[in-house]
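Protein chains in written order, with this note's numbering: chain A, 385 to 885; chain B, 508 to 1171; chain C, 770 to 935; chain D, 378 to 886; chain E, 4 to 103.
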């Protein structure tokens, strides 16, 4: 089982998608099949955390077979970092299917096929331990996502899809160049082998800086880090709901995952040398994203910019090289997936009713849609980082890590707490509070049972993850420590009087 | 794990269960059911708290127990779900559950005609949960949970009438302003983590206690200042007090519970809790004292001109919180907590009384339209009278003792004690004046309900009356006394406002200051310097005199010659406008922080950087590429001869290169 | 000496014919100049002892191919060349291009001259048809056979392209 | 005694098969009524190409033998192309079946020409003698000249043919001049003899000027055939005017064959890599850049793919730059992978073009994803492969090429290459975007694809994906071909073991 | 004794004159003729080298070149005729429908 489980989880959706392609165009059956598949995948993926030996730093459930030539392997494995990202992915996809239930009524089959293909690719990205395989999956996420945006998006969908595709594509070729270079000089694509080669000094230091940058660009665009973020608002605004959910929930995490796994994992020295400016970009991202979010007239755009801000926290955490910072960063990845995923799902539900995301069309919706408003509030609070909600734990750890590393980082990063509250509450107010300006809004339907079913899991997860964080961090921590290569800075344990002297 | 006899975690958990039940299913409940659930769980919480307090006295305080699972773990750093009961939290937990329970009862009546009944109680219970978490936490982060959580509850409750823009704005403002404070609180915690590796009170304070007082600006001062800045947000001190007056948009019981009795005192509690740190950071204490003292007088002056009954009380609250801050600043933590407690009684009473008044006259909040209610709602009148005299500082009511304690301790402060005292005493006078102004305007003279607006302040009045017309849409046949479910809590609170101060009668007045000695194990404060009995009595006399002065002035202006104030205000129009408009602080904040920030975000960041610089660059690169492409394509002239020329020149180049290569 | 003189003579005729091809504006004149070039080349081939090639040059090239050209010129009734300004690039780039190619080739050849030496022709059987035939039908049998495919294509193509539209 | 043995015939067996089928088709054509569909002939030629592929497989058993007095050589290299080229033709024939009827072209010579052209292309890869190469080149060229002009009713069709013909002949003259000089410099036109002579000259330090001038001239001629900059300019015009299935053929078949010749001329003769490395470097960069930038704003799909083919020639040249050890196998692999995707793409285009090829503008593709899901899907796969998205042949082709370049330390070339392929993504993507994300503008009646077309597309897709998922076997084949090609092995100069994977031998530095 | 280089130079001159003619002439037929001129130049090289190297294969090459030239001529002239039919001109500068 544990040999096959990763393969199964990775390719089940794709296999299902292939089967669905051959199925007749009966929308109801297609939807049902997609839901079933994604749920089965989710169920299977739950085996991972259950069987995972937590506390072990290395990779588990490994499977390693020769694929192409002598050096390209089909090598999958999960550690405490990727484990949860996979589960996050499989968790969000069924929700994505549910929220697309009614909103997608044209080319339904294609939609769900693409969605499932995307799922496979995303899972593959997190599980690949062969750099070549990783790149393959990495690029493979691109097409389904671009098509989802371009085929099922809104008015400017083409612009957004092309922009999304090109940004990522252009950036990832640098990563490809770096991967090839590494292969040529280490004779291997295997992550662990390359890591070993670099750490033992078998690759020249001059080259490492360039390789670091090659990987960095690819991931920075995906995160997205300021100033490479402008594709994100467009992509989000135009994407269909499920697309936005997965884009924000998982695809962006691929960037931060890459930064952690490759930039930090492979190049610990370079990561530390480059940390100052990367952290600076992350902090700019936090503040900048928040400030721009503050003035957006469009619900989805606001959430998109909030992602820029939130992912800034993650990058900040990763590049603090502290226990708290990196643990928090990984945890924040999961949190952001849940909370922003929820926000996008909610935004999509509103769109189904109003066919717009502009704030001026909303206002006072808490009266006609109280249940919806409540779920929205939970998502907002989770995003704001209210204690006992998931967002807080990650944010707190990241910021305390940043503070330990450098007080200025901590202080600047922490201002994000203020901005976050400002734009999210502003958003909430614009949508739900105040008098109802548009009469047609009085008769808006509150969310139905299906929509509630899709929202309950995220709402519950947001709470559970806010209260029971050690459950996750217990597995994340050893992996993060192992990944960092060098000992991470530990929090001062000296609770003595001379602590500060 | 040894057995957890007190099960402190039940105290916050019970209201949370209530909140969850009402929140999830309340929509389908009848109002009575909703109220029953809310009261049951709050009452149970109160009962359990009492049990814990009593048991705690037996098994000895402090009692510190964590749940078997941690909340946050990251490497060596961990934060437990730990609960802590000592004398300080005893006081707080009793005040919170007790007053909270009373206000729940009151609300059951007050809110009975409102929409969203279940929502209200769910929020209120949620508030109780967070507030109790705040006071019972055994570490800063869990305290922060409560800290932020009460902010959330406050946000929700202020925005309860969310159809009004003003209410929604006020809620948002409260949350964001509080977040600014929380920002500092977080930084303070980071400093603590960095230096002490833990956020548990035990660890931190035991580490701190081994340190010597800082003479200059050191680590402890920094931590203390950051924590203090956090407290200024929650406790509505300068410069972050601006949210509290606006918070009066919420239903009146909310104002009573959250914005008078409990939540706003969290800052005071936090400083008192951190007394170990503050006591070693004298500079930070000085700052606390100055801020408290300034806030006290500043808010009091603003209270003078307000015409909205709840706003007067709000400024009064800010002012009283300033007192408590000042007390903390002179290391008189127990005095601060004492005042916190008595204030909780009488200010809650005042708010509830005001609510009863508003309820009685159909939602009107403008005092200029009240008057003569003394006879119409006698019970309300009497309880408010008690509270008014209490806050004004007339012995032997609760306010007298606590306020006197603070002033006395301020006078003894190391630096600038006289100044603090002087400001404090002036504030006391002002407080007395505006409270009696309120009292006279509301209960004496003629009922002016339905009279035309006075010219100025039309905006505020209009928005309020409009709002409440909607809220209290149930027609009032006439002015009527509130039902007993509302009056009973008032009476209880009135009694507490009378007797509440007796636990802290100073030695000078023949008491034994039970309160202070009770609290002392939980507080790291320098021992009180022994002062002569006589002078303490003299100063107490002065403060009573000042209170009397305020009363007489109010009596003159608002009872004897009610037309006089408008003449006076006409004479000093500028100053009056300044005070009436709260010194234009909100406008200043708007002008200098909010607007520039929004403009910066929109014009510079969004349009400028995002759209023009970044997208512009990218799109520019795109169109440049296309332009280059179009230029390059012009090679493709379609003319065969030119194509051959390319082949020829290419061939020439190839031959030239290779000839050169081989010769080289 | 005689050889040299003959070479120079025919060589000059060749070049003159080629230049004339360039200068003449009527295609017929150009075609005739080309025939002149080919004929004198045939004589130069003879100087090089390539009898068979010389013969084929006259028969196939000058005789068959050029006749075809002339025939087409007549068929299409091609008149004098227009002096259109089709493309500057052709001259601006092509002129230098060709000049550079010519220069480089000449330079290379001149540079190689000492190694190359001269060609003395004697009355040998070198270039005699029999020898050529042996080579053609033995060593170069495959190319020879393959040319049949080429010719097949050419015929087919000519027929196809010349066929009237249906 | 007959000097010609069975082995000799086996050496040209695929060509023989093709020629025979070509003649049969040619002969059968007049027997059909003038207005009848020539589908039967098409199927016959299809059988011919398949038979040729079978013959090529049969040749595997005779790998290493030469025939016809050292004129042709059967080895992995030639077999690779002997399979590839008829396969290309087969798919082109499949996609032509429908096209000819659609365009109302009723001539069986079309198929005969394809078959004869295929003979030339196949021979180009197996010939090891420059004159035979030249003749083979001419066979493939002349047949494509004619095929390019098959739309005689259309002025642009004839113009395309004329341009291709005139410029092609012009370039061939350069090639031929190169052959002449090479003959003069080395005394032979046989590749192996030339290699020996050059090795000898190198050892003795004799002047190599003439050799390199000859190589330069041949490069010019071949550069034209492979459409690398600056000899690429004819491509867009010719591709635009020629019938789409013919473009499918001539953008892949003769190109693959010309690359085979180029490999022979550059690596087979043992010329010093350093002498032309930087030249090809420049040419590669120019080709990639000019091709991609030219394609950016093209709205005519055929023309866009023409520019793209220039760019792909550039990528291919990158492999040449990478040099002997690293570059040959990737180059061979690239030709196959490019053939699979490009033939497929043009097949789709030829279907959509409609009668008279009226619908070749980008806008005409709007909404095709909805109207013809399968065709749009197929075209999407080909576009993705052209972009170089993983799991398609195009990706591995590029990957191997760039690996080779990095292996030989051409970092900048690699970077220029990858950036170029990123730029290229834009215009390929545009086609996908238009098909799936725009609504149909006109509801032009367009027939659903015929079974033959579907088969052609399925084959192309299968190959494209096969090369993208398990490229190992083909790559091994290519590596074997590279070994066989390399002159130094035959002349016993070096070569202990070529890298198992491309470029992979260099020890870790 | 005629130096080989004389022949080669003559051949190069003919080749380049042919190339120049290709670039200069406007009449398609003349342009085609200039290609023939280039081929003739190449042939001269072959024959000269054959004589120089005493290798008859050079003569065979010339023979093949002529065959190719003949085939090209057949096809080329057919194409030219077809072009003339569709465009009514032989001026190469007027055959530029396809561009950019």
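Beta carbons are placed, not taken as given, at the ideal position from N, Cα and C, and that holds for glycine.
Note that the coordinates shown come from a computational prediction; the quantities given were computed from them, not determined experimentally.
Using only CA atoms, which one of the options lies nearest to residue i?
| i | options | result |
| --- | --- | --- |
| residue 602 of chain A | A/866, A/635, A/587 and A/836 | A/635 |
| residue 766 of chain A | A/719, A/735 and A/729 | A/719 |
| residue 993 of chain B | B/883, B/618 and B/630 | B/618 |
| residue 630 of chain A | A/747, A/472 and A/565 | A/472 |
Quick check: what's the CA-CA separation for residue i versus residue j?
| i | j | result |
| --- | --- | --- |
| residue 87 of chain E | residue 730 of chain D | 26 Å |
| residue 973 of chain B | residue 670 of chain B | With a pLDDT of 40 at residue 973 of chain B, under the threshold of 50, the modelled position of that residue is not reliable, and the figure given next carries that caveat. Rounded to whole angstroms, residue 973 of chain B to residue 670 of chain B spans 12 Å at the Cα level. |
| residue 795 of chain C | residue 1146 of chain B | 21 Å |
| residue 793 of chain B | residue 921 of chain B | 9 Å |
| residue 723 of chain A | residue 644 of chain A | 21 Å |
| residue 496 of chain D | residue 589 of chain A | 53 Å |
| residue 830 of chain B | residue 665 of chain A | 44 Å |
| residue 825 of chain C | residue 404 of chain D | 31 Å |
Applying the criterion that 16 or more other CB atoms from any shown protein chain within 10 Å of the CB defines a buried residue, is residue i buried or exposed?
| i | result |
| --- | --- |
| residue 770 of chain C | exposed |
| residue 438 of chain D | exposed |
| residue 784 of chain D | buried |
| residue 991 of chain B | exposed |
| residue 843 of chain A | buried |
| residue 953 of chain B | exposed |
Are the C-beta of residue i and some C-beta of chain D separated by less than 8 Å?
| i | result |
| --- | --- |
| residue 834 of chain C | no |
| residue 778 of chain B | no |
| residue 1131 of chain B | no |
| residue 926 of chain C | yes |
Please confirm whether residue i has its beta-carbon closer than 8 Å to some beta-carbon of chain C.
| i | result |
| --- | --- |
| residue 737 of chain D | no |
Measure from the C-beta of residue i to each C-beta in chain A and report whether the shortest distance is under 8 Å.
| i | result |
| --- | --- |
| residue 655 of chain B | yes |
Can you check whether the C-beta of residue i is within less than 8 Å of a C-beta belonging to chain B?
| i | result |
| --- | --- |
| residue 601 of chain D | yes |
| residue 22 of chain E | yes |
To the nearest whole angstrom, what separates the beta carbons of residue i and residue j, a pair I think is in contact under 8 Å?
| i | j | result |
| --- | --- | --- |
| residue 816 of chain A | residue 749 of chain A | 5 Å |
| residue 566 of chain D | residue 507 of chain D | 4 Å |
Does the CB of residue i have a neighbour CB from chain E at under 8 Å?
| i | result |
| --- | --- |
| residue 782 of chain C | no |
| residue 1148 of chain B | yes |
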